[in-house]
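Novice: Residue numbers (our numbering): 48 to 237.
Quick one: structure below, then a few questions.
Dropping the structure here:
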């Protein structure tokens, strides 16, 4: 079953294939964005959760550590579940953990929820690359890789600015609510 998911299409990709690839790119964009988005909002989050500067650094660190753990596990999970199934499950998990982050009541809960978010987000990045290779024939892969490169470079560059703007105008919780609309689009597209 998993081997069938790795068969590359020979002809032109369907609209459904492009939607799946774009949905995966959206997931990778959100995962990379969320690495940086909390940086400019840390003081507000620390204040709300009564955390010191040293304790607050775990808000970003827990995300990164969990993401780093998940990235190499993704290949094994794709073989076990299939790329599509894994993408749907980690997308749901990422969206759910983002909502939990916005509801965090203590530093400890925020660290756990950010770790959950990082763990599920860690699969979204290699899945975008994998779905590009699976869904697109060779003559379209350069377009897919260009989209992946755009995702990987644009998201971290706007993360702190977007996070600061959302925190300043709406509150720190909105840096996590921002994942809801694209998260729902991503799940629908997969």
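Cβ atoms here follow ideal geometry from the backbone N, Cα and C, with glycine treated the same way.
Every value quoted in this text rests on a predicted model; they were computed, and no experiment measured them.
I need the straight-line Cα distance from residue 67 to residue 166, nearest angstrom please.
Specialist: 21 angstroms
Novice: Any idea what DSSP makes of residue 207, helix, strand or coil?
Specialist: helix
Novice: With a threshold of 7 angstroms (Cβ to nearest heavy atom), would residue 173 be considered close to the ligand FAD?
Specialist: The ligand FAD is absent from the structure shown, which contains no ligands of any kind.
Novice: The alpha helix (DSSP H) spanning residue 104 covers which residue range?
Specialist: 100 to 128
Novice: Excluding sequence positions up to five away, which residues of its chain have a Cβ less than 8 angstroms from the Cβ of residue 214?
Specialist: 87, 88, 91, 221, 222
Novice: Assuming residue 141 contacts residue 171 under a Cβ cut-off of 8 angstroms, what Cβ separation, rounded to an integer in Å, is found between them?
Specialist: The pair is a contact, with the Cβ atoms about 6 angstroms apart (cut-off 8 angstroms).
Novice: For residue 72, which residues from the same chain have a beta carbon less than 6 angstroms from its beta carbon, with the 5 sequence-adjacent residues on both sides left out?
Specialist: 175, 194, 198
Novice: Buried or exposed, going by whether 16 or more other CB atoms sit within 10 Å of the CB of residue 137?
Specialist: Looking at its Cβ environment, which holds 16 or more other Cβ atoms inside 10 Å, residue 137 is buried.
Novice: Can you tell me whether residue 73 is helix, strand or coil according to DSSP?
Specialist: helix
Novice: So residue 162 packs on residue 202, CB below 8 angstroms; how close in whole Å?
Specialist: Rounded, the Cβ-Cβ distance is 20 angstroms, inconsistent with contact.
Novice: Measure the alpha-carbon distance for residue 133 versus residue 79 and round it to whole angstroms.
Specialist: 18 angstroms
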